[in-house]
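Report on one structure; see the data block that follows.
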Amino acid sequence: MHVIVVGAGIIGLSTTWYLRHLGADVTVIDPDPAMGASHAAAGMLAPAAEVVWGQELLYPLLRTAADMYPEFAAEVADTDAADLGLTDTGTLVCAGDRADLQALRELRDAQSGAGFATELITGSRARELEPSLSPSVAGAVRIPEDQSIDPRRVVSALHSVFASELLSARVTGLLRDGDATVGVELEDGRQLISDQVVLAAGAASNAVAGAPRLPVRQVWGDVLRLRAPAARTPLLSSTIRGLVNGRSVYIVARPDGELVLGASSREDGRAGTDAGSVHRLLHDGQRLVPGILDCEITEITTRARPGSPDDVPLIGRIDAGCVVSTGYFRHGILLAPLGGLLGAELAVGRRPEWLPPGALASVSPRRFDDAADTAVLPTTTSKRSKP
Ligand code: GLY
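If you count the sequence shown from 1, you need to add 173 to reach the numbering used here.
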């Protein structure tokens, strides 16, 4: 079977990874591989810390993906002899002041309600664990199991593995035969035929003509990369998230000393970096970790996340020749093994029996249609052990 994957961000590449394991020939097409949302992403693998109120459908997906990560990351790292910057130093979700502490307590209740084990600690205990935290931090939720990874290293390793399958080109449309997708058309007019197409173009998925309009919107994020002076490195050991005047902020500490400060969430349609957002990130970040103001800013990146109406991804078959896999919003890095394996199995016609109950319906791209249809094409069955 030949499958074309449209999009070489972390979802397109992880889908390619699993398609190859399933024995498919793959061509992955992107005009600017891995330079979309994956290039901006901080890389938190933090299902508990990602819990926000009212997203019950998301929690089992986050948990399943987190369980899949060690094997996925180890195999990708082995294949390319790469260091993916994986850390397991946990997260501290900090309250900027006493008012934020009340909101943090409520957030922790939501985390507990979702079945995640977390620990509420005092501000002084948090400072024992992370001495760079501000004296004003009023308390924290400690999540020791959280991990992080460097998404740029992951996509770079996958790129190396799939160098010969990667076509640097823009897909402008799906080729159709009746109701079925049979390939893609490129900007230069070339037409490529395939048995299946996986549309994984993130926030750009609706720019592909011939696909049904997907309920994906662009949620812009501005992210800063910082480096502490040598004498103060490492400034942090774990990921710091927090609430400051009710706003969310995070600082991911990489093993090599890089700090990733993020992220704004804007739906103003502006692709340029927003000065107000950068100001707020630095303001809120320094309220939790004053030392970030002594750091060098090495990069500011602005990219669009692909948001869906309910913040749950859109993964499923839209016709006999096309599967979509987009709408991962803030969770593309964590959900990459789940979305990759699911998209790959759907493309080759395997039933994803390893998914948590109800998950296939919760990610169906048709769930917002009047007559929702979550059918998978009939095929052989498989268990998720190792594809
Ligand atoms: N996952 C972090 C963010 O979207 O900012």
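Backbone N, C-alpha and C define an ideal beta-carbon position, used for all residues, glycine too.
Exercise. In this structure, does DSSP put Asp251 in helix, strand or coil?
Worked result: helix
Problem set entry | Identity of the residue in Ser329, Asp240, Thr260, Ala222 nearest Ile183 by Cα | Ser329
Problem set entry | Sequence-distant residues of its chain with Cβ nearer than 6 Å to Gly296 (five each side left out) | Val310, Ala311, Gly312
Exercise. Can at least three beta-carbon pairs, one atom from the stretch 218-234 and one from the stretch 280-290, be found at a separation below 8 Å?
Worked result: yes
For this session: Report the partner residues of Asp457 according to the DSSP bridge assignment.
Result: In the DSSP output, where bridge partners are listed per residue, Asp457 has none listed.
Problem set entry | Span of the beta strand (DSSP E), counted from its first residue to its last, around Ala426 | 420-426
Exercise. Nearest-angstrom Cα distance between Gly286 and Gly263?
Worked result: 20 Å
Exercise. Is any heavy atom of the ligand GLY found at a distance shorter than 7 Å from the C-beta of Gly296?
Worked result: no
Problem set entry | Heavy atom of the ligand GLY within 7 Å of Ala222 beta-carbon | no
Problem set entry | Ile470 classed as buried or exposed, judged by whether at least 16 other C-beta atoms fall within 10 angstroms | exposed
Exercise. Does the Cβ-Cβ distance between Asp542 and Leu230 come in under 8 Å?
Worked result: no
Problem set entry | Val371 beta carbon less than 8 Å from that of Thr188 | yes
For this session: Please indicate yes or no: does the CB of Ala215 lie closer than 7 Å to some heavy atom of the ligand GLY?
Result: yes
Exercise. How about Ala238: is its Cβ closer than 7 Å to a heavy atom in the ligand GLY?
Worked result: no
Exercise. Any idea what DSSP makes of Met217, helix, strand or coil?
Worked result: strand
Problem set entry | Bounding residues of the beta strand (DSSP E) (the contiguous stretch that carries Gly312) | 312-316
Exercise. Excluding five sequence neighbours on each side, which residues of the same chain lie with their C-beta closer than 6 Å to the C-beta of Thr475?
Worked result: Asp395, Thr446
For this session: Give me whichever residues DSSP pairs with Thr264 in a beta bridge.
Result: Ile316, Thr412
Problem set entry | Burial state of Glu303 (16 or more Cβ within 10 Å) | buried
Problem set entry | Local Cβ density within 10 Å of Gln391, reported as buried at 16 or more and exposed below that | buried
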